[in-house]
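Numbering (my numbering), first residue to last: 1 to 580. Comments concern the structure below.
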Amino acid sequence: MLASLLRSLPPLGRAWKPLDFSNPNFVRIPLSQKMEEETMPDYVASRYYPARIGEIFKDRYQIVGKLGFGASSTVWLARDMNYRRYVTLKIFIKSMSMGQQLDDELQMYKRLERGSKNHPGRSAVRSLLDSFDVNGPEDKHRCLVHPPLWDSVLTFLHRNPEQRLPAPVLAFVLKRLFLALDYLHTECQIIHTDIKADNIMFGIADDLVFSEFEENELQSPCPRKELDGRTIYVSRELRMPRNWGAPVLCDFGSAVPGGEEHTEDIQPNIYRAPEVILEVPWTYSVDIWNVGCMIWNIFEAESLFTGYDPESQTYRSRAHLAEIIKLLGPPPPSLLARGKLNHKFFSGEDDLRAKVPSEGRIPLERRETTLHGQDKANFLRLMQKMLQWEPANRSSARELQEDEWISPNESTSNEGTPNSSTPNSSKKRRRPELSEYDRGVICGMRLAGASLNEISRKLNTSRSTVQYTIKKQEAREAGKTQKRSGRPHIISPEAEDHIVRLLEADHAVTYKAIREAVNLTASDETIRRVFKKRGLAHLREQMNPEAQSRRVSSSMYQRLVRPEGTAETALGALDTPGGQ
1 MLASLLRSLP PLGRAWKPLD FSNPNFVRIP LSQKMEEETM PDYVASRYYP
51 ARIGEIFKDR YQIVGKLGFG ASSTVWLARD MNYRRYVTLK IFIKSMSMGQ
101 QLDDELQMYK RLERGSKNHP GRSAVRSLLD SFDVNGPEDK HRCLVHPPLW
151 DSVLTFLHRN PEQRLPAPVL AFVLKRLFLA LDYLHTECQI IHTDIKADNI
201 MFGIADDLVF SEFEENELQS PCPRKELDGR TIYVSRELRM PRNWGAPVLC
251 DFGSAVPGGE EHTEDIQPNI YRAPEVILEV PWTYSVDIWN VGCMIWNIFE
301 AESLFTGYDP ESQTYRSRAH LAEIIKLLGP PPPSLLARGK LNHKFFSGED
351 DLRAKVPSEG RIPLERRETT LHGQDKANFL RLMQKMLQWE PANRSSAREL
401 QEDEWISPNE STSNEGTPNS STPNSSKKRR RPELSEYDRG VICGMRLAGA
451 SLNEISRKLN TSRSTVQYTI KKQEAREAGK TQKRSGRPHI ISPEAEDHIV
501 RLLEADHAVT YKAIREAVNL TASDETIRRV FKKRGLAHLR EQMNPEAQSR
551 RVSSSMYQRL VRPEGTAETA LGALDTPGGQ
């Protein structure tokens, strides 16, 4: 109880002040040009909340810029001024249009919050930070507050010219996904029912992404058009993070509670499990089938099943069943006996009533052409554990996260050791430089908990090369490759507070004095950004970079920032001539 209370309290220090986003220098889109949410089918302007950049909700969340839109919501980057952090605001269309779905999704997030905090899969599920309703012109709108995330897996694979997810990235995405599903299934009793590549998103381990987004919006406001009292903004992309975080499972709008019988229709059409098509009571294992189909989609760059019926030229359940039979053979009688719709599709025990054109059974071994040897065999075994007619025969999420293809045994790693004896081992050889993509894989797999051997095996490189790359990444994160003696670009909110106090105490304080007082290695430009961010540009203009300011001693600084010393007492010491 006490720990929960402490987590709910804002951190010590000053809250962020609102920023002024009234810069008029933006491009005006012609009123006749449809854009963003206006292009959605059945778009009705009054259903959307007319959010404005700079708007503040609950005296806490200030909108910074638009990240995206959909048929039921718009998504915004916002400043959580109380906690001095950036968050994502998802503002839904008016509640009357959403019905019970909004309350159901909120209940799923409450279930997630009640799950064990010690389960490793908890961090692999997107958390809900806050929720509230805001009054619109016609009705209330539900707002959900989440930690910001980067691209989805779907967007990520589209960056690859081959339109597929490379094996190393897929392996650590699956590791995290099965951790998330184990948490959902065993700790929270939740069935997701809508697992697809755009519902798995990468985190962001680079806070500079958000401050740059904010600075861009302040300096170069996004294009927009103003129509009938509302403003429609062009979405602005977050730049690619230097360090992207581990993937998390998102979107619980279609999730349902487990532990009870379900027969309703769920899942994206091409990912529907056999029991869903046949209306056999289904449970957690529908998520496992769903993942198996999705894996094939993002790794092989094709759908495992399409459900395309040449006769109707659209998706049909009968065509989908025919494709499953072509891959797995006929369904077991035990499954058909439990289905409410088995007589609709089958005339005998396993004779498909609809005669859909088929080329005969094609096993996965013939369809998989990307991998070879043992790697291919391990991958196919993983797929077979998920793609089973009988739900009870599918592996659980916990079993799958330990699968050999996803979590290979370190002892089986066959890379050479860095000290291998070779004829030229006495010569110092230049280490190979990995590509930016491979460096991203290393960063992501490290966040996913992969060992050095796992990473080197997936990248087909040596352990020493991976170690060398990690050290370079850590040096870059620490700012050792930046200009001005390695001063990092990021300043913590606490340090920002201390800088502001120093500036307010002495407008002529130099950058050097600030660095010494706050124990920073930041560049002048980085400190100037802090002034602008905190709305102190007018004080910044009064600074004289060449002035000989008094040096703030360590003891004086501690009195300034520690609770036992008041700010007034410490700042008064700054007025003492030559004070040390």
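C-beta atoms are modelled at their ideal positions from N, C-alpha and C, and glycine is treated no differently. Computed from a prediction, not measured in an experiment: that's the story for all the values here.
- Under the three-state reduction of DSSP, D20 is assigned to coil, being neither helix nor strand.
- As DSSP reads the structure, D309 sits in a beta bridge with T314.
- Beta-bridge partners of Y86 (DSSP): R79.
- Residue pairing from DSSP places P247 in a beta bridge opposite F202.
- Restricting attention to R79, S72, S73, G70, the CA atom closest to the CA of D59 is found in R79.
- Here D403 has L382 as same chain residues with Cβ atoms under 6 Å from its own Cβ, once five neighbours each way along the sequence are excluded.
- Within the same chain, Cβ atoms closer than 6 Å to the Cβ of D206 are found at P241, R242, N243, the five residues on either side in sequence being excluded.
- The criterion of a C-beta distance shorter than 8 Å is not satisfied by S303 and I277.
- Distance from the Cα of Y109 is smallest, within the candidate group G99, V125, H119, M98, for V125.
- The way I'd put it, the stretch 87 to 100 does touch the stretch 142 to 149; three or more beta-carbon pairs between them come closer than 8 Å.
- Beta-bridge analysis with DSSP links I295 to no other residue.
- Note: D287 is not bridge-paired with any residue in the DSSP secondary-structure output.
- The stretch 217 to 229 makes contact with the stretch 22 to 30: 3 or more CB pairs, one atom from each, lie closer than 8 Å.
- For A301, the closest C-alpha among the options I325, N160, E105 is that of N160.
- Around the CB of A180, 16 or more other CB atoms lie within 10 Å, so the residue is classed as buried.
- Residue state for C188 is assigned as helix, using DSSP reduced to three classes.
- Secondary structure at H262: strand, using DSSP grouped into helix, strand and coil.
- V27 counts as exposed, since fewer than 16 other C-beta atoms from the protein chains shown sit within 10 angstroms of its C-beta.
- A Cβ-Cβ separation of about 14 Å leaves I93 out of contact with W76 under the 8 Å criterion.
- Cα atoms of K66 and M386: separation of roughly 38 Å, rounded to the nearest angstrom.
- DSSP, read as helix, strand or coil, puts Y233 in strand.
- Within the stretch 120 to 187, the alpha helix (DSSP H) runs of at least 4 residues that lie entirely inside it are, in chain order, 153 to 158, 167 to 182.
- H192 is a Cβ neighbour of A255, given a cutoff of 8 Å.
- No Cβ-Cβ contact shorter than 8 Å links K225 with I406.
- Between Y315 and N269, the gap from beta carbon to beta carbon is short of 8 Å.
- For R224, the uninterrupted beta strand (DSSP E) run begins and ends at 224 to 227, by DSSP.
- Taking the Cα positions, E496 is about 10 Å away from R84.
- Remark: C-beta atoms of L380 and E390 do not approach each other more closely than 8 Å.
- In the three-state scheme derived from DSSP, where H, G and I count as helix and E and B as strand, S334 is classed as helix.
- Your pair V291 and L371 does not check out as a contact, with CB atoms roughly 18 Å apart and the cut at 8 Å.
- Looking only at S72, I56, T155, E214, the smallest Cα-Cα distance to D42 is reached by S72.
- For Q384, the enclosing alpha helix (DSSP H) covers residues 373 to 386.
- Annotated three-state conformation of S73 is strand, per DSSP.
- A straight line joining the alpha-carbon of E217 with that of L227 spans about 21 Å.
- Contact annotation: L327 and I288 have beta-carbon atoms that are not nearer than 8 Å.
- Using a Cβ distance threshold of 8 Å, I204 and P148 count as a contacting pair.
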